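Q:
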Amino acid sequence: MMDDNFDKAGIAVIIVFGALLLGGLMAANLVVGDRNGFLLALGAAFSAYIAGYAILFDLPRVYAFLIVVAAVMGVASTIAYAF
Numbered sequence: 003m004m005d006d007n008f009d010k011a012g013i014a015v016i017i018v019f020g021a022l023l024l025g026g027l028m029a030a031n032l033v034v035g036d037r038n039g040f041l042l043a044l045g046a047a048f049s050a051y052i053a054g055y056a057i058l059f060d061l062p063r064v065y066a067f068l069i070v071v072a073a074v075m076g077v078a079s080t081i082a083y084a085f
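Residue numbers (this note's numbering): 3 to 85.
#1: Whose CA, out of Asn38, Phe40, Val71 and Val34, lies closest to the CA of tyrosine 51?
#2: Please return the same chain residues whose Cβ sits closer than 7 Å to the Cβ of glycine 45, not counting the five positions on each side in sequence.
#3: Can you round the beta-carbon distance between serine 79 and glycine 25 to whole angstroms, since I take them to be within the 8 Å contact cut?
#4: Would you mind giving the Cβ-Cβ distance between alanine 47 and alanine 21, rounded to the nearest angstrom? I have them listed as a contact below 8 Å.
#5: Can you name the start and end residues of the alpha helix (DSSP H) that phenylalanine 19 belongs to?
#6: Check whether the Cβ atoms of tyrosine 83 and valine 34 sit closer than 8 Å, and answer yes or no.
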């Protein structure tokens, strides 16, 4: 029987692809030797990791805040890598 709750599957896909994206960003910054970009990507990955626990403990505001922090740090890391 199929489960009608697609929220968990959607969140799992977001977390997995987010981890792949941030991991790739960390690797790209390591290759070019950009320490600041790497640390920003690491901070974004850690924020997204903690956001997973916010989902587990049903804290939607904390989850939203951590996702925003991860997105801002990811964009900052991309800017550091590009420029």
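Glycine included, every Cβ here is placed at the ideal spot set by N, Cα and C. Predicted model only: the values in this text are computed from it and were never measured.
A: According to the structure shown:
#1: Val71
#2: Met75
#3: 12 Å between Cβ atoms; not a contact.
#4: 7 Å
#5: 9 to 34
#6: yes
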